[in-house]
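Trainee: Just so you know, the sequence shown maps onto residues 764 to 877 in the numbering used here.
For every residue, glycine included, the Cβ atom is placed at its ideal position computed from N, Cα and C.
Nothing here was measured: the structure is a model prediction, and the numbers come from that model.
What follows is a structure written as structure tokens; I'll ask about it next.
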Amino acid sequence: GDQPFKRIDIEAIAGKDSPALTVSKESRIKNYPVGPPYIATARDMYAIATKWCEYVPEVHKQYPELLAEMFAFSIAAAHLKLPHVVMDHLMVSYPGINSEGFEFVTSIPDGEVC
């Protein structure tokens with residue numbers, strides 16, 4: 764969801780003129796709740812990584828929990844106006860979660876699995 768935008772004082776992290784402050788709620792939910800794997804151009808990922816590393820310590824001070832680094836990533840991407848297309852079939856971690864890629868994985872014929 765849009766937890767990074769609700770739980771973190773983005774102005775304190777990214778500045779009062781940060782574009783992250785103007786992202787619509789719809790876009791915050793649709794384009795920024797992301798985690799690995801990431802697919803991006805080298806230029807975009809370098810820009811995100813630079814801001815991400817800058818923001819992580821401050822985000823962690825405000826939110827000293829497991830997801831702090833992911834929140835910082837989302838804020839960095841929003842600050843740089845780099846919304847994501849979220850794909851939920853690239854991650855496989857727990858068979859009980861319907862939104863992950865198990866259907867995609869199990870549809871691969873046995874002879875094609877590496």
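#1: What would DSSP say about Cys719, mapped onto helix, strand or coil?
#2: Could you name the residues of the same chain whose beta carbon sits closer than 6 Å to that of Tyr818, not counting the 5 residues immediately before and after it, in chain order?
#3: Among Tyr826, His842, Glu789, which has the Cα closest to the Cα of Trp815?
#4: With burial defined as no fewer than 16 other Cβ atoms inside 10 Å of the residue's Cβ, what is the status of Met833: buried or exposed?
#5: Does the beta-carbon of Val857 have 16 or more other beta-carbons within 10 angstroms, so that it is buried, or is it exposed?
#6: Is DSSP giving Ser837 helix, strand or coil here?
Mentor: The short version:
#1: Nothing can be reported for residue 719, as the shown portion of the chain is limited to 764 through 877.
#2: Along the sequence shown, read from residue 1 onward, the residue named residue 818 stands at position 55. So the list reads Ile776, Ala835, Ile838, Ala839, once near-sequence residues are dropped.
#3: Here residue 815 refers to the residue found at position 52 when the sequence shown is read from its first residue. Distances from the alpha-carbon of Trp815 to those of Tyr826, His842, Glu789 put His842 closest.
#4: Residue numbering aside, residue 833 sits at position 70 when the sequence shown is read from its first letter. Met833 sits buried, since 16 or more C-beta atoms from the chains shown fall within 10 Å of its C-beta.
#5: Translated into positions along the sequence shown, residue 857 becomes position 94. Just to set this straight, residue 857 is Tyr in the shown sequence, not Val. That one is exposed.
#6: Counting from one through the sequence shown, the residue named residue 837 turns up at place 74. It is helical.
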